[in-house]
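Written out below as structure tokens is the structure these notes cover.
Residue numbers (our numbering): 12 to 135.
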């Protein structure tokens, strides 16, 4: 195996439990990945909003990932909706509420990486 390679083990990550939602978070240097599970009946307003500063009415995060299982409806502030099916990759902007459709939990994997240090060091 290459010395710098990591196989990610979400079971060894930090568990964030939010009732019908849970996230297993793994951080490596400037990289973070999460395995998120939303169970049927999950209510973002009830279960996540109170844990955030100012208790926002809409999710303030950008989500960039892959839906492994389940079907998720994304409701936006402007009244529009999108459906994400298992096997799809997504990039969801802030200002949304997720909804689990049907009785299969939504399991998704998201990745983020800070590229600020690289961009700062780029030559013009």
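Note that CB positions come from ideal geometry on N, CA and C, so glycine has one too.
For residue 110, the uninterrupted beta strand (DSSP E) segment begins and ends at 107-112. Shown here, residue 60 sits in a helix according to DSSP, grouped into three states.
One alpha carbon belongs to residue 15, the other to residue 40, and they sit about 12 Å apart. Residue 91 sits in coil when the DSSP states are folded into three classes, being neither helix nor strand. Excluding residues up to 5 positions away in sequence, 73, 74 and 75 lie with their Cβ nearer than 8 Å to the Cβ of residue 102 in the same chain. In the structure shown, the three-state DSSP call for residue 32 is strand.
Here residue 125 carries a coil assignment [DSSP, helix/strand/coil]. Contact between the stretch 91-102 and the stretch 47-64 is not established, with fewer than three Cβ pairs separated by less than 8 Å. In this structure, the alpha-carbon of residue 79 lies about 10 Å from that of residue 47. Contact between residue 122 and residue 44 holds, with the beta-carbon distance rounding to 5 Å and staying under 8 Å.
At a Cβ-Cβ threshold of 8 Å, residue 62 and residue 29 count as neighbours. Annotation: residue 69 to residue 106 spans about 5 Å, alpha carbon to alpha carbon. DSSP, reduced to helix, strand and coil, places residue 22 within a helical segment of the structure shown.
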